[in-house]
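Participant: I have a structure I would like to understand better, so I am pasting it below and will then ask my questions one at a time.
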Amino acid sequence: MRRIIAILVTGAVALAVAWFLAGLPGQVVAEIGSITIELSTPVATLGLLLTFTLVYVTLRLLGALIRVPHTLAQWRQSHHRQLGDVSVTKALLALAAGEKADARREAARARRFLGDTPQTLLLAAEAGRLAERDDETEAAFRLLADRKDAAFLGYRGLLRQAMARGEWTEAATLARRAEAAHPGAQWLRQERAQLAIRAQHWSEALELADANAPRAALATGAALVEPNADRAMRYAREAEAWRADPGLPHAALAYAERLRAGGHERRAQAVIARSWGLSPQPDLAAFALAPVEDKLARTQAAQRLTAENIEHPESRMLLAHTALEAGLTGEARHHADAARAAGLNERRLWLLLADIEEEERGDTEAGRLAQRDALRRSATADPDPTWRCGTCHTQHPTWLPACPVCWTAGSVRWSPGAMGMPVARRLGVDG
Ligand SMILES: [Zn+2]
């Protein structure tokens with residue numbers, strides 16, 4: 002209805018204008034040189050209107066022609082964006098399905114259509130990683146690292162690559178750059194803690210450690226290597242706070258070492274005695290008896306150390322050893338027999354018994370026979386306890402804050418030899 006009214010109104014206005022123009026009196030005269038043009042006013046007005054319309058249409062057509070390349074470029078851009086979006090989706094699907102060739106091809110297409118954006122570069126890097134093309138992955142991560150808006154993504158990828166190659170110095174540098182690009186990332190904190198463990202920077206590992214980390218082992222490691230006495234004591238105190246952990250005598254040792262270095266020998270001995278009471282371990286005895294040179298005095302020091310748990314096989318072994326050193330073979334035999342009666346059947350016990358026989362009966366027929374018997378039994382006895390990683394089961398000659406094979410912190414523990422299996426059984430020999 003409105004359209005009809007609009008058409009009627011427009012028609013009426015056009016008719017009124019035409020009627021008005023047709024009714025205009027007078028004429029228009031134009032002289033160009035010797036030519037004289039004479040037109041009535043309505044015809045001249047219509048001619049003027051037609052000329053304006055022609056000029057307007059021509060100008061519009063020219064404008065459209067000039068804009069053709071720009072319009073074409075816009076169309077191509079929009080078309081490429083559509084194709085690129087399709088490739089991104091296909092690349093993501095291929096990555097999820099583990100299809101290496103498809104992922105690489107679609108990631109490359111996405112880069113061709115959309116250019117090097119953080120998304121397409123990350124896709125290219127992931128596709129390269131899936132296809133084990135380290136060079137492609139690294140190139141994409143480097144381009145990402147150069148971008149201000151996605152540098153963290155690039156450094157993170159490069160850091161993982163460096164860690165996989167075992168290039169720890171490079172990895173540490175990349176971790177610092179990643180931290181600068183995106184401070185406070187929780188993932189990065191864990192990676193840096195792991196790098197500090199591999200670099201054996203125990204104090205740094207301790208600073209970066211979360212609540213689940215083996216803080217006692219890291220603090221012990223930091224205390225043992227820290228050259229500054231005050232800082233070493235701070236780490237040792239933190240380690241000592243965990244003394245209830247029976248698998249970590251070196252926490253007590255680190256603290257006792259600082260106390261001894263500070264001239265507090267009595268307190269150092271008390272710390273060691275308390276740790277021996279919780280969980281005896283030969284390194285504790287070595288520390289406690291180190292300042293005592295007189296052999297008889299060493300037996301007395303051993304007696305003081307073991308006073309609280311003399312029945313423990315480790316206490317018996319220590320008492321037997323110190324007694325033998327002091328020439329007290331009767332007492333040495335008494336403690337060795339007590340250890341044996343308590344169920345100890347380790348190689349070291351039989352070797353000790355052989356030494357006792359040698360010391361007591363010397364080069365006699367009975368002595369030689371008893372020694373041979375003890376040595377024979379040592380061959381089929383249980384293996385001696387040792388430091389062993391609880392994760393990868395590698396044996397280590399000493400305690401370490403982290404296993405240097407699998408790099409698990411706090412995993413090296415004093416454990417029964419060969420996983421507690423007797424030698425004979427381990428070798429398949431029926432003892
Ligand atoms: Zn290990």
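Using this note's numbering, the letters of the sequence shown correspond one by one to residues 2 to 432. Cβ atoms here follow ideal geometry from the backbone N, Cα and C, with glycine treated the same way.
Going by beta carbon distance, what residues of the same chain come within less than 6 Å of Pro423, once the five residues before and after it are set aside?
Facilitator: Legend: pLDDT at Pro423 = 41, less than 50; position of this residue unreliable, no value from coordinates given.
Participant: So, is the C-beta of Ser41 closer than 8 Å to a C-beta in chain B?
Facilitator: The structure shown contains no chain B; it holds only a single protein chain.
Participant: In terms of residues, what are the limits of the beta strand (DSSP E) holding Glu32?
Facilitator: Note, Glu32: beta strand (DSSP E), 28-33.
Participant: Could you please give the first and the last residue of the uninterrupted beta strand (DSSP E) stretch that includes Thr387?
Facilitator: Element bounds for Thr387: 387-390.
Participant: When the Cα atoms are used, what is the spatial distance from Ala19 to Pro26?
Facilitator: Going from the Cα of Ala19 to the Cα of Pro26 covers about 14 Å.
Participant: Kindly examine ligand 1 and report whether one of its heavy atoms sits closer than 7 Å to the Cβ of Ser412.
Facilitator: Yes, ligand 1 has a heavy atom inside 7 Å of this Cβ.
Participant: What are the uninterrupted segments assigned as alpha helix (DSSP H) that are 4 or more residues long and contained completely in the segment 66-121, given in chain order?
Facilitator: As far as the segment 66-121 is concerned, its whole alpha helix (DSSP H) runs of at least 4 residues are 69-98, 101-115.
Participant: For Gly421 and Leu350, what's the separation of their Cα atoms in angstroms?
Facilitator: Below a pLDDT of 50, predicted positions are generally treated as unreliable, and Gly421, at 43, falls in that range; no measurement from the model is reported.
Participant: To which residues of the same chain is Leu9 closer than 7 Å at the C-beta, ignoring the five residues directly before and after it?
Facilitator: Closer than 7 Å at Cβ, skipping near neighbours: no residue.
Participant: Anyone know if the C-beta pair for Ile357 and Ala337 falls short of 8 Å?
Facilitator: Result yes, Cβ atoms of Ile357 and Ala337 sit closer than 8 Å.
Participant: For the structure I just gave you, are there three or more beta carbon pairs, one from the segment 285-301 and one from the segment 249-261, closer than 8 Å?
Facilitator: Enough Cβ pairs lie closer than 8 Å, so yes.
Participant: Taking just the CA atoms, how far does Leu145 sit from Glu266?
Facilitator: Straight-line Cα distance between these residues: approximately 58 Å.
Participant: Assuming Leu124 and Ala92 make a contact with CB atoms under 8 Å, what is their CB distance in whole Å?
Facilitator: That belief holds up - the Cβ atoms of Leu124 and Ala92 are roughly 5 Å apart, short of 8 Å.
Participant: Excluding sequence positions up to five away, which residues of its chain have a Cβ less than 7 Å from the Cβ of Glu192?
Facilitator: If we look at Glu192 and ignore the five residues flanking it on each side, its Cβ neighbours are Leu160, Ala176.
Participant: Just how far apart, CA to CA, sit Ala23 and Tyr57?
Facilitator: Going by the C-alpha atoms only, they are around 25 Å apart.
Participant: Is Arg134 helix, strand or coil when you go by DSSP?
Facilitator: If DSSP states are grouped into helix, strand and coil, Arg134 belongs with coil.
Participant: Is Ala200 helix, strand or coil when you go by DSSP?
Facilitator: Of the three classes helix, strand and coil, the one that applies to Ala200 here is coil, per DSSP.
Participant: Assuming Phe114 contacts Ser88 under a Cβ cut-off of 8 Å, what Cβ separation, rounded to an integer in Å, is found between them?
Facilitator: About 6 Å separates the two Cβ atoms, so the contact holds.
Participant: If you follow the beta strand (DSSP E) that Thr365 is part of, which residue opens it and which one closes it?
Facilitator: Counting along the chain, Thr365 falls outside any beta strand (DSSP E), and DSSP gives it neither H nor E.
Participant: Here's the rule: buried if 16 or more other CB atoms are within 10 angstroms of the residue's CB, otherwise exposed. What is Glu312?
Facilitator: By the 10 Å Cβ count, Glu312 comes out exposed.
Participant: Beta strand (DSSP E) containing Val406: first to last residue?
Facilitator: From DSSP, Val406 is part of no beta strand (DSSP E); its letter is neither H nor E.
Participant: In this structure, what does DSSP give as the bridge partners for Trp415?
Facilitator: Paired residues: Trp388.
Participant: Heavy atom of ligand 1 less than 7 Å from the Cβ of Thr399, yes or no?
Facilitator: Every heavy atom of ligand 1 is 7 Å or more from the Cβ of Thr399, so no.
Participant: What alpha helix (DSSP H) runs, 4 residues minimum, are completely inside the segment 230-318?
Facilitator: Whole alpha helix (DSSP H) segments, 4+ residues: 230-241, 250-262, 266-279, 283-290, 296-306.
Participant: Work out the CA separation of Met234 and Thr307 for me, nearest whole Å.
Facilitator: If I take the Cα positions, the gap works out to 27 Å.
Participant: Tell me which same chain residues have a C-beta within less than 6 Å of the C-beta of Phe53, skipping the five on either side of it?
Facilitator: Excluding residues within five positions, none has a Cβ falling inside 6 Å.
Participant: Please go through the same chain and pick out, in chain order, the residues whose beta-carbon is closer than 6 Å to the beta-carbon of Gln282, but skip the five residues on each side of it.
Facilitator: Contacts found: Pro250, Trp415.
Participant: Does the distance from the C-beta atom of Thr42 to that of Val29 stay below 8 Å?
Facilitator: The answer is yes: Cβ separation under 8 Å.
Participant: Please state if the CB of Ala128 and the CB of Leu154 are separated by a distance shorter than 8 Å.
Facilitator: Taking 8 Å as the Cβ cut-off, Leu154 and Ala128 do not qualify as a contacting pair.
Participant: Please list, in chain order, all residues of the same chain as Ala220 whose beta carbon is under 7 Å from its beta carbon, the five residues on each side excluded.
Facilitator: Cβ neighbours of Ala220 beyond the five flanking positions: Leu207, Tyr236, Glu239, Ala240.
Participant: Compute the distance between the beta-carbons of Leu196 and Ala173, then report whether it is under 8 Å.
Facilitator: Yes, the pair counts as a contact, with Cβ atoms nearer than the cut-off.
Participant: Thinking Ala210 and Ala224 are a contact (beta carbons under 8 Å), I'd like their distance in whole angstroms, please.
Facilitator: Not quite, the Cβ-Cβ distance comes to about 15 Å (not below 8 Å), so this is no contact.
Participant: Assuming Glu326 contacts Arg305 under a Cβ cut-off of 8 Å, what Cβ separation, rounded to an integer in Å, is found between them?
Facilitator: Incorrect: roughly 16 Å between the Cβ atoms, too far for contact.
Participant: Note the first and the last residue of the continuous beta strand (DSSP E) segment covering Leu40.
Facilitator: Per DSSP, Leu40 belongs to the beta strand (DSSP E) from 36-41.
Participant: Looking at Val413: is its Cβ nearer than 8 Å to the Cβ of His397?
Facilitator: Cβ distance < 8 Å, so Val413 and His397 count as in contact.
Participant: Which residues in the same chain have their Cβ closer than 6 Å to the Cβ of Ala13, if we skip the five residues on either side of it in sequence?
Facilitator: Closer than 6 Å at Cβ, skipping near neighbours: no residue.
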